[in-house]
Structures are given as C-alpha cells and as structure tokens.
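Residue numbers (my numbering): 12 to 212.
Following this line, the structure appears as structure tokens:
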C-alpha cells in the first residue's frame, strides 16, 4: 500500500516535469519538415531536417550536432522522408522543375527521381511502412491537374492519383488495417473540399 501511495504522489510530479528540449539546430534555425530512421550498420538514429530557405541537414547523434548536406541539387528542400529501417535512403522534395531527388548513401550523392510528376510544388511525403519502395507525394494545388503522386519502385516512376482530392495536400499518413487493408489519409486545404480525406483502395 505504501508503494502504491508513493507511486500516486510521484506520477504527477514526473508528468509536470516533462518538457520539450531544444536539439541545437539546424544551424539556420528552421525545420520545415523532418524524418528519422535507423542506421542498422552503425546502430544509431539519423534525423533529417528540411529547410525550404536553406539546405537539408542531418544529425547522427540525436540532434546534438547537425551537418548541412552540400550538393547544390538539394538546396531549399520543402519536405523530406527517409526509410525508417534504413536511414541512408532519403527523398527530398523542392519547388523546382525537378521536384523530387533521392539519395541511397545518406546524402552524399543524389539522383533525380521526378519521372511522371507534373506538379512542381511538393509539400509532403509518406512511405508505406510495409514496403519502402512505395512512396506517396502530396503537392500544392497549381496549374497541374494532379496534387498526389505514387511510386511503387523507389522513385523510378511516379503515377498521378487521378481520384485524389483536387486541393492542396499538406500531409499524408499511411496505415495498414489487417481486416480492411491499406488506409491513405490526406490532410488538405483549399477554398473547397478541404479537410481530411481517406482512401482505402
């Protein structure tokens, strides 16, 4: 009984003491998007932070220090996503005629992966948790007919999702339901049809 009373008294103190901690970066002071994955070779977490006004940054020590990723192809990234189980595979999106780039060596080298993407204003990625070759891209509504794209081969080719909401796609989430299959959830904004959209096919 004494232990139970102690636990009841201590729990609120622990909760009240919980707080956010600055991770000292990125150096430019912005993080418009981020992604984190595990490096199974070196056994540490890798954090990527995209700064649409500067560069892509990477930390391999839980945010204590940040390195800027230098290739000129990947400046001003709007969004970033990496494989959660193999963090050296990373995609960035940028407002450009070549909107998507991919690296398989943690940002040392990059390759354009924009074939099939007709919208040059990307905003977000989502990676299928069961298959890292399947990636979704959400974009801002513009002159393009489409705002969502999907690749099933690691970015080699993208196809437009013609039945997706005809509005700006700000964020995408993917989950697998054992009984009802894959759910794709999109957070959208615009003058009409804004809000949360769901696809189960």
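C-beta atoms are modelled at their ideal positions from N, C-alpha and C, and glycine is treated no differently.
A quick note: this is a predicted structure, and the numbers were derived from the prediction, not measured.
Residue i - DSSP class collapsed to helix/strand/coil
i           : result
residue 85  : helix
residue 190 : coil
residue 180 : strand
residue 40  : coil
residue 92  : strand
residue 70  : strand
residue 115 : coil
residue 109 : coil
residue 97  : strand
residue 198 : strand
residue 165 : coil
residue 49  : strand
residue 102 : strand
residue 75  : coil
residue 170 : strand
residue 12  : The predicted model places residue 12 with a pLDDT of 46, which falls under 50 and marks its position as unreliable; any figure quoted below should be read in that light. The answer is coil: DSSP assigns residue 12 none of H, G, I, E or B.
Local Cβ density within 10 Å of residue i, reported as buried at 16 or more and exposed below that
i           : result
residue 158 : buried
residue 19  : Residue confidence for residue 19 is low, a pLDDT of 46 falling below 50, so the modelled location carries little weight and cannot support an answer.
residue 76  : exposed
residue 52  : exposed
residue 211 : exposed
residue 162 : buried
residue 147 : buried
residue 16  : Only weak support exists for where residue 16 lies, its pLDDT of 44 falling under 50; the value from the coordinates is given anyway. Its Cβ having fewer than 16 others within 10 Å, residue 16 is exposed.
residue 167 : exposed
residue 189 : exposed
residue 172 : buried
residue 55  : exposed
The beta strand (DSSP E) enclosing residue i, as first and last residue numbers
i           : result
residue 133 : 133-138
residue 160 : 159-162
residue 79  : 78-80
residue 59  : 55-61
residue 207 : 206-210
residue 148 : 146-150
Selection from the options that minimises the alpha carbon distance to residue i
i           : options              : result
residue 100 : 44, 181 and 121      : 121
residue 143 : 37, 194, 188 and 95  : 95
residue 194 : 78, 103 and 184      : 184
residue 149 : 189, 118, 208 and 98 : 208
residue 98  : 189, 89 and 119      : 119
Check whether residue i and residue j have beta carbons under 8 Å apart
i           : j           : result
residue 133 : residue 111 : yes
residue 131 : residue 108 : yes
residue 213 : residue 89  : Outside the modelled stretch of the chain, which goes from 12 to 212, sits residue 213, for which no answer is possible.
residue 93  : residue 68  : no
residue 152 : residue 206 : no
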